[in-house]
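Residue numbers for the sequence shown follow our numbering, beginning at -9 and rising by one.
Cβ coordinates follow ideal geometry from the N, Cα and C atoms, glycine included.
Because the structure is a prediction, the values reported are computed rather than measured.
All remarks here apply to the structure that follows.
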Amino acid sequence: MFEKSFLGPQPLTTTVRVMLTVWFILLVLGSPLALMGTGMAFEGGYTLDAYLSLIAIWSYPPLLAIAYFYRRRKPSFVWLPLLTILLFIVEQLVWQLGIRVRFN
-9 MFEKSFLGPQ
1 PLTTTVRVML
11 TVWFILLVLG
21 SPLALMGTGM
31 AFEGGYTLDA
41 YLSLIAIWSY
51 PPLLAIAYFY
61 RRRKPSFVWL
71 PLLTILLFIV
81 EQLVWQLGIR
91 VRFN
C-alpha cells in the first residue's frame, strides 16, 4: 500500500528511454525543415493536402510533450508521436487517390 510513496517513481523501461530519445532527436533535427515546410505548404493553394501536412507538423511537438509528461504513468503514450506519421500516410493516400479538395 505504501510502496509507491516510499520507493518513489518506477524506473523507465529501456523502450521508453530509447523512444523518447529518438523522438527528441527527430524534433531537434526536423524543426528547421518543418518550419520551412509549414511556410511553403500553402503555395499550391488552400488544399486538403496542405492542411493535413500543417496539422501533422504542428501536432508533433504537443504529442511529444504528452508522451514525455506521462512517461511514468502511461508508458504506452511513448508511441503517440507515431500519429504524425499516420497523418503523413493519410496525406499521401489523399494525393495518390487524386482527392483534390480546395478551401477558398
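Asked, Found
"What are the partner residues of T37, as DSSP defines its beta bridges?", "R92"
"On the CB-based measure, 16 or more other CB atoms within 10 Å of its CB, does A24 come out buried or exposed?", "buried"
"Rounded to whole angstroms, what is the Cα-Cα separation between R92 and L54?", "30 Å"
"Under 8 Å by Cβ, that's how I've got A31 and L16 pegged, so tell me the actual separation to the nearest angstrom.", "Contact flag wrong, Cβ pair sits at about 19 Å."
"From the DSSP output, in three-state form, read off L76 for me.", "helix"
"Please classify V68 as buried or exposed, where buried requires at least 16 other C-beta atoms within 10 Å of its C-beta.", "buried"
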